[in-house]
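So the sequence lines, in the order shown, correspond to chains A and B.
Okay, so the first sequence: first residue is 1 according to this note's numbering, each after it adds one.
Okay, so the second sequence: first residue is 582 according to this note's numbering, each after it adds one.
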Amino acid sequence: MNSIVPPLLFRAGINYLFRHPWQLLLALTGISMGVTLVLAVDIANSAAKASFEHASEQVRGTATHRIVNDLDRLDEAIYANLFRKPGMPPIAPVVSTKVQIEGYEERFQLIGMDILAEANFRRSLVGNMDQMPGLDQWLTDPEAVMISRSTASFLKVKVSDRIHVKHLGKSFDLEVKAISELESDSSRGILLVDIATAQRISDRKKYLSYIDVLLENHAASDIESLLPESVKLVDISQQTESILGLSAAFELNLTAMSLLGMLVGVFLIYNAISFSVVQRRNLLGRLRSLGVTSAQIYILIMLEAIVLGVLGTIIGILLGTLLGQQLTSIVAATISELYYDVNAQATSVYPVSLLKAGLVGIVGTLAAAWIPALQASRTKPLTTLSRAALEQSIHRQMPFLALAGTVLVLTGFLVSFLVPGNVITGFIGLFVIVIGFVLTIPLLLSRLSRLLSTFSGNLIWQMSVKDLDRHISRLATATAALMLALSTSIGIAIMVDSMRVTVEDWLADLLTGDLYIAAQGFEDNAYLSAGTIENLIDHDAVSDYSLYRNYKIRIGDKKRSLVAARLSPKSKKGFDFFKRI
Amino acid sequence: MLEVSGLHKQYPSGNDNQVVIDDLSLNLDKGEVVALVGASGSGKTTLLNLLSGIDTPDSGQVLIDGVNLISLDEKQRTLLRRHKLGFVFQFFNLIPTLKVAENIALPMQLISTPEKEIPGLTTSLLDKVGLSNMQGRYPETLSGGEQQRVAIARAIAHRPAILLADEPTGNLDEQTGDQIIQLLISLAREHEISMLLVTHSNQVADSADRVLRLSHGRLC
């Protein structure tokens, strides 16, 4: 740096930044805001994904494949047949279901295992269970449950305590017989029971959820040839990736929103640096006349930007880490609600997330500083002393900027609409449109200034209006930043409102009854008994009714709801396809 | 040291061109102090800009130590300014974010003076301008006369061949102005620096070896 920018020149620049605390604050706010958003979203996304992967790994253990059917209801005879076949790879039956624990809103994963078949599989879950006190009762006691240390802390229970589990509207008592040393968040919420206990609780007598398989030296076809037609062997890692893929669009949305926040930040940085350059025109002119080259001025401004970028990025990383921890539980809750169950807390920040946030902060700052640095360096010493020269230069560039902006806006629309349904191209198109609009702002402001000057007004009005045109370089940037922030807020508000209105309309059509009665756990296929339904229908207060039966089935890798309904005439309005029949 | 011949500069003014420097020629010998006087708008500042390579003439040539300034590109002119020229401005133009000693040291760093030599040279210059006890202060805490002394020390810190002084006393009271002029001239002579001193004041001009009068872009 010594030969490129003398230390005293660098110090002069840095001292300037710290002598103007409000400009410094604006620039640091811009950088740290962007970095905070990008890091927080990345932490949340990564934590949710990692937690799901970790939980999946724990539950699947060393299994490479899984025998499943579309109903998650395998006849246990399939396991028995495979087990008896000589030369079979290691297999383990599993019954898995979601249960609720009294006093908690969360749903817990109840996993039933055959401890004798587990030796080859879930060592991380069962660990040294054979040495745990009280485990000898695990096989014989139908109420025995083993939980992890993290689950025990969460439930505030210890060995011999009882927990009350609910499933499909029925209650079951379980006694904590052992607590494993697992403390990860992903192991929180897992209840391990004997397979018979799980079958009893989940109403799957003689049925399994799936069979885990460890295919090492065997071909998949060895097993596939032995399976009934409705049962298939799937690769677990592919299944996990496929499930994770479900939330990809949601995560992309969050990332794009955070990048939009970074874009607003970039405009704030640009504004602060541009203002500092404009304010220092005289000083830069002095330096140029002392023999400081234009390249040195350029590097000086960029070095100042790097200092700002590093400071802002450090602040952003600290804030982003805090926000990320808050955001993780919200993102995990949303993912659980919409896609797959995940129980995540951001206890650690991944180096990749930090690297991404750091890059975004530094690159964003350098990108924002690039134009002001170029403007400062390209101006000759004589004109460096004159602010008007910059404005003249901006005025000359305005038509070209506007033209380029218009082309970008059109390109953005084309990109967005030529590839319908593609989220990534949609966001690329959106960013191109935003940048395009920003480029048109200097010309629009100038024209607006001229239009406003045609209205008669007092001297203050005329001065203010003319000032718009005279300081276009600074005002255009501020306007762009404001426009971007405002349009983002309005865009998100419209999106959320339109979704809300759509859901409200849909619910208004769908929910025409006064009362809705369902069995507890109806999301997991629980249903009311026929007797209960008859009693309700026969009640004097019931004038009309609709009946629904919801059943979750698996089609391919995705779960779908199969709904059978007997609808009252009013309720039919809620189902659009009736109108088309 | 400085040879100027046939220098011409005009600027657009409405539909016409206004001639600011008209076929101007002048010479400055080594260590010579020349005063340039003239009314406002006579072209003094434009001439300084042309001599320093900050502005380019429409025609003519400016030779500094035998190098034709007009034939150089922008970067070469900047480097020539860095090594060969020193400036003293009316409004001092110090770097407000650097301390007094740092302001003086900056031109030395720019010409890559060895770092270990810079503190000694700076102290020596501060002694010469009578500010040895103010090296750690920022310019804004100094009086006008003190700031101009710092500017003079900065202007000669890198041992330039030519010193261009644009109304160096224009922003000072008469007594301080006299002191500054005496300091400038004595330092220029001590270091054998050629100086072109632009001034309104005949009294200031009388201190120079030679006086040039500029009127409507021509020397008379």
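Don't be surprised by glycine CBs; every beta carbon is placed ideally from N, CA and C.
Flag residue i as yes if its beta-carbon sits less than 8 Å from any beta-carbon of chain D, otherwise no.
i, result
"B:E683", "Chain labels in this structure do not include chain D; the protein chains are A and B."
So for residue i, helix, strand or coil by DSSP?
i, result
"B:A616", "strand"
"A:G61", "coil"
"A:P442", "helix"
"B:I743", "strand"
"A:N81", "helix"
"B:I823", "Residue 823 of chain B is absent from the model: chain B starts at 582 and stops at 801."
"A:T97", "strand"
"B:V600", "strand"
"A:M463", "helix"
"B:T780", "strand"
"B:K709", "helix"
"A:K170", "strand"
"A:R497", "The sequence given here places Asp at residue 497 of chain A; Arg does not occur at that position. Three-state DSSP puts A:D497 in a helix."
"A:L567", "coil"
"B:Q671", "coil"
"B:K590", "strand"
"A:V278", "helix"
"A:S561", "strand"
"A:Y545", "coil"
"A:V415", "helix"
Determine whether the Cβ of residue i lies closer than 8 Å to any Cβ atom of chain B.
i, result
"A:L9", "yes"
"A:P6", "yes"
"A:R281", "no"
"A:R19", "yes"
"A:P372", "no"
"A:P381", "yes"
"A:A248", "no"
"A:A369", "no"
"A:A12", "yes"
When you compare only the Cα positions, how much space is there between residue i and residue j?
i, j, result
"A:A373", "A:T440", "21 Å"
"B:N684", "B:G641", "34 Å"
"B:P700", "B:A686", "8 Å"
"A:A404", "A:L355", "33 Å"
"A:R286", "B:Q784", "28 Å"
"A:S386", "A:Q279", "Its pLDDT being 45, under 50, A:S386 is placed unreliably in this model, and the coordinates cannot settle the point."
"B:L764", "A:V264", "54 Å"
"B:H664", "A:H20", "32 Å"
"B:A736", "A:L260", "49 Å"
"A:I472", "B:S713", "46 Å"
"A:F267", "A:I517", "54 Å"
"B:E771", "A:T477", "52 Å"
Give a yes or no on whether the minimum CB-CB distance between residue i and chain A is below 8 Å.
i, result
"B:I635", "yes"
"B:R662", "yes"
"B:L687", "yes"
"B:Q716", "no"
"B:L679", "yes"
"B:L768", "no"
"B:Q760", "no"
"B:I676", "yes"
"B:Q642", "no"
"B:T659", "yes"
"B:K805", "Here chain B has residues from 582 to 801 only, and residue 805 of chain B is not among them."
"B:L777", "no"
"B:L764", "no"
"B:P695", "no"
Label residue i either buried or exposed according to how many other C-beta atoms from any shown protein chain fall within 10 Å of its C-beta, with 16 as the threshold for buried.
i, result
"A:F400", "exposed"
"A:H625", "Nothing can be reported for residue 625 of chain A: it is not among the residues displayed for chain A, which extend from 1 to 581."
"A:P351", "exposed"
"A:P228", "exposed"
"B:Q599", "exposed"
"A:S274", "buried"
"A:K552", "exposed"
"A:A508", "exposed"
"A:H167", "buried"
Under 9 Å (Cβ pairs) to chain B, residues found in the stretch 283-296 of chain A: L283, G285, R286, L287, R288, S289, L290, G291, V292, T293, S294, A295 and Q296
By the 9 Å beta-carbon criterion, what residues does the stretch 582-605 of chain B contribute toward chain A? none
Taking a Cβ distance cut-off of 7 Å, strictly less, list which residues of the stretch 14-40 of chain A are near chain B, in chain order. N15, Y16 and R19
Residues in the stretch 705-732 of chain B with C-beta within 8 Å of chain A's C-beta atoms, listed in sequence order? none
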